[in-house]
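Working notes for the structure below.
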Amino acid sequence: MKRYYFYKRTRDIVDNLKGDVVDFSLCAFYSTKEYSQKRKKEIDQFHYFDNIYLCLATKTQGLYRLRVDSGTDGCSGHWATSIKELKEDLIKDNYKLISEQDYFRLRRLAFRLVFKHIKFFIPTESAVRNFFYQNSFSRSFYDIKLVSTSEKSNIRNYPQDTVDYYKEKNWKLYDCRLDESYRIFISKDKNYKSNTFEIESSHFRPYYENIWEFKKSCNMDFKENKVNSIQEFQFDRLKKFITELILDRSDLDISKILPKQTNSITILDL
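If you want my numbering, it's the 1-based position in the sequence shown plus 4.
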């Protein structure tokens, strides 16, 4: 089966961080030959087996985001029916085709940088910190959300005249910040290659008026009482477990898609 690798340098960084930030996206596809009953002919079908977004500051501590959807099992598809259509669609989104060697080099760089910077996250001093954990129990997958927040008056360190102006206008300062966020959906069976995870630090998430607004607005299920409030030592222990699990599953095994296609596939797209 043929494989295609794409790279995009993203450009959604604010001006004051330019020159400090490594930011790029990667995506990889393999193709299969499938017979379309609607078209009465054989067409190419393309399947995502790796999709990565990285944004990370090399000089500013605690600024990182990594999103990964990876694995050769349970792949989502792309609508293109030829390599020409696939390239045209991705070029519209500023991707360019690169070699397999360059793709894996950039992929290794993404993981190396983010795991290095996770170790150096420094919370805001004198802030009230909260830690939350949600585990959607599953026999087949680790389905976990882990979050820490900080709350402190004037957490963004505005000048006093700015704070006074906000108060005068009755504007909110939004003094609650999401510090670290971990979201994983990873197969417990190592032989089933399907791993989705997301790691983010405070700089990319919205600020909240207070911890109660955070609970109402975030993507954790507080309403159904599925979220546990935990202690810092428990958060650190779970963070260690999650990062080790991600590191263990970070390699991209493409052995299943290396052989030539040997079976015939028919699409029932009447």
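Even for Gly, the Cβ is constructed at its ideal location relative to N, Cα and C.
Residue i CB to nearest heavy atom of the ligand ZN below 8 Å
i          : result
residue 98 : Because no ligand of any kind appears in the structure shown, any question about the ligand ZN cannot be addressed here.
Distance between beta carbons of residue j and residue i, contact taken as under 8 Å
i           : j           : result
residue 150 : residue 137 : 6 Å
residue 204 : residue 180 : Residue 204 to residue 180, Cβ: 16 Å. No contact.
residue 76  : residue 53  : 5 Å
residue 8   : residue 101 : 7 Å
residue 64  : residue 24  : 6 Å
Other residues of its chain near residue i: CB distance less than 8 Å, five sequence neighbours each side excluded
i           : result
residue 99  : 10, 11, 12, 29 and 31
residue 239 : 135, 137, 150 and 152
residue 217 : 180
residue 172 : none
residue 143 : 192
residue 86  : 47 and 48
residue 103 : 9
Burial state of residue i (16 or more Cβ within 10 Å)
i           : result
residue 141 : exposed
residue 166 : exposed
residue 112 : exposed
residue 146 : buried
residue 169 : exposed
residue 182 : buried
residue 201 : buried
residue 237 : exposed
residue 35  : buried
residue 95  : exposed
residue 184 : buried
Close Cβ partners of residue i (< 6 Å) along its chain, the five nearest in sequence each way excluded
i           : result
residue 81  : 51
residue 132 : 155
residue 235 : none
residue 226 : 219
residue 55  : 31 and 73
residue 196 : 77
residue 49  : 36 and 38
residue 259 : none
Own chain partners of residue i with C-beta closer than 7 Å, once the 5 adjacent residues on each side are dropped
i           : result
residue 115 : 254
residue 198 : 75, 77, 78 and 191
residue 26  : 58, 60, 62 and 117
residue 224 : 136, 138, 149, 151 and 231
residue 157 : 179
residue 121 : 60 and 68
residue 159 : 128, 131, 179 and 181
residue 305 : The shown model of the chain, from 5 to 274, leaves out residue 305, and the question about it has no answer.
residue 84  : 50, 90 and 93
Should the region 235-251 be regarded as contacting the region 181-190, the criterion being three or more beta carbon pairs within less than 8 Å? yes
So, does the region 89-104 touch the region 62-76, judging by three or more C-beta pairs under 8 Å? no
Enumerate, from N- to C-terminal direction, the unbroken alpha helix (DSSP H) stretches of 4 or more residues contained entirely within the region 15-96. 87-96
Complete alpha helix (DSSP H) runs within the region 146-231 (minimum length 4 residues, chain order): 164-173 and 215-221
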